[in-house]
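Student: Below you'll find the structure I mean.
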Amino acid sequence: MFHNATSAAMYRDVDFTSLPWLEQQWMAWYIYIGNPILATGLMSFLLHETIYFGRSVPWIIVDAIPYFRRWKLQAGKIPRPQEQWNCTKLVLFWHFTVELPVIWLFHPFAEMVGMRTYEVPLPGYAEWVPQIAFFFVFEDMFHYFAHQALHYGPLYKHIHKIHHMYSAPFGLAATYAHPAEVAILGMGTIAGPILLCIATGNFHLFSMYIWMTLRLFQAIDAHSGYDFPWSLQHWLPFWSGAEHHDFHHMAFTNNFGSSFRWWDRLLGTDDKYRAYRARVKASKDAIKCASNEERDKIEQKLIAEVEADGVRAEAEVLRRMAKQKVQ
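Just so we're aligned: the sequence shown equals residues 33 to 359 in my numbering.
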């Protein structure tokens, strides 16, 4: 590692002993590495990988325990270990070959737009809470329209189709996607902080890390395939969650939002989803006295019907693209 006077000079006017523990560690990290570009790049990548795989591991464990199948949205489709390993290999490959270089160059770009990076003190709740709320709203809007665009013929066939390999997604598959898709949808994640930073000149890398952590949690949980009674969408009805996004993978159409349901509701792209949920509820109400096995059979039949519709919808997108190409 680098130990040079330049990094220590960044903090020449800071009283280290007067800082809270977290700010001391932040400052010590930059001094220890000795190069702010390297320090930010290394910390950003390690945080990204730790959060991504750290949050995915509990879902791998849940998939391996039969007790949790009662809350599995597509109970008949439990990812096999080999399937999860194949997914992990591709995700790691893209993380190291595509995301790592971008993350490594983030520090110079951040400073160019006026973002605070190595500086202390770190922002408090009053600063970063409203910022994170804005990022969630902005990213969800960006994601909705970009995601819809990715379902357009050429973009779907050559880019988004990879992500739709799994009709029953699982946590690790959150970024199982073409690198172009990661870049396109990732713009919604970083554009909010950049715009805020340019507009206000008041944004810190620490807040970016909080946002990145919460965004990764949201993406992984949305692909988990489980709807627990304590899942967030049962407390915040406008939150999407796995129950909302799982239908998108199952049916191919509908539910293009990432964190929230309001764009789909406002623009009518949740009509098939709502019809499906109504059918599921009606079926369960009609067979309350039936056995679990009978209820499962009925639900599996409904899922199969939706999947069949999804296969036809996907085929239609590809057929139209081929027809336009011939013309």
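No residue lacks a Cβ here, since even glycine has one placed at the ideal position from N, Cα and C. Every value quoted in this text rests on a predicted model; they were computed, and no experiment measured them.
Does the count of Cβ pairs from the segment 342-350 and the segment 267-284 closer than 8 Å reach three?
Tutor: Yes, since at least three Cβ pairs between the segment 342-350 and the segment 267-284 fall closer than 8 Å, the two stretches touch.
Student: Mapping the DSSP letters down to three states, classify Arg87 as helix, strand or coil.
Tutor: In the structure shown, Arg87 sits in a helix (DSSP, three-state: H, G or I).
Student: Would you please state the rounded distance, in angstroms, between the beta carbons of Ser272 and Ser256? I believe it to be under 8 Å.
Tutor: Not quite, the Cβ-Cβ distance comes to about 12 Å (not below 8 Å), so this is no contact.
Student: Can you give me the Cβ contacts of Phe170 inside the same chain, cut-off strictly under 6 Å, excluding the 5 residues immediately before and after it?
Tutor: For Phe170, where only same-chain residues beyond five positions count, the Cβ hits under 6 Å are Gly224.
Student: In three-state DSSP terms, what is Trp160?
Tutor: Trp160 falls in the helix class under three-state DSSP.
Student: Can you tell me the Cα-Cα spacing of Ile110 and Gln332, whole angstroms?
Tutor: In a straight line, the C-alpha of Ile110 is about 14 Å away from that of Gln332.
Student: If the criterion is Cβ atoms closer than 9 Å, does the pair Phe13 and Ile92 meet it?
Tutor: The chain is shown only over 33 to 359; residue 13 falls outside these bounds and no answer can be derived.
Student: Gly220 and Ala251: beta carbons closer than 9 Å?
Tutor: Not a contact, by the Cβ cut-off of 9 Å.
Student: Which residue spans inside the segment 93-142 form an unbroken alpha helix (DSSP H) run of at least 4?
Tutor: 113-126, 132-136, all fully within the segment 93-142.
Student: For Arg148, write down the residues that DSSP places opposite it in a beta bridge.
Tutor: In DSSP, Arg148 forms a bridge with His236.
Student: For Val338, count neighbouring Cβ atoms within 10 angstroms of its own Cβ and tell me buried if that reaches 16, exposed if not.
Tutor: It is buried - the Cβ of Val338 has at least 16 other Cβ atoms within 10 Å.
Student: Let's see if you can read the secondary structure: which residues bound the alpha helix (DSSP H) around Phe279?
Tutor: Element bounds for Phe279: 273-283.
Student: Excluding sequence positions up to five away, which residues of its chain have a Cβ less than 7 Å from the Cβ of Ala314?
Tutor: For Ala314, where only same-chain residues beyond five positions count, there are no Cβ hits under 7 Å.
Student: Let's test the definition: count the other Cβ atoms within 10 Å of the Cβ of Thr301 and tell me whether it reaches 16, buried, or not, exposed.
Tutor: Buried, by the Cβ-count rule.
Student: At the level of alpha carbons, what is the spacing between Tyr308 and Glu275?
Tutor: Roughly 12 Å between the two C-alpha positions.
Student: If we ignore side chains and look at the alpha-carbon of each, how far apart do Thr72 and Tyr64 end up?
Tutor: Those two C-alpha atoms are separated by around 12 Å.
Student: May I ask which residues mark the beginning and end of the alpha helix (DSSP H) holding Met42?
Tutor: Careful: Met42 lies outside any alpha helix (DSSP H) and carries neither H nor E.
Student: Please identify the residue among Glu348, Asp253, Val349 whose C-alpha is closest to the C-alpha of Leu105.
Tutor: Closest by alpha carbon: Asp253.
Student: Among the candidates Trp117, Lys189, Gly66, whose CA atom is the shortest distance from the CA of Ala212?
Tutor: Nearest option by C-alpha distance: Lys189.
Student: Ends of the alpha helix (DSSP H) at Ile194?
Tutor: From DSSP, Ile194 is part of no alpha helix (DSSP H); its letter is neither H nor E.
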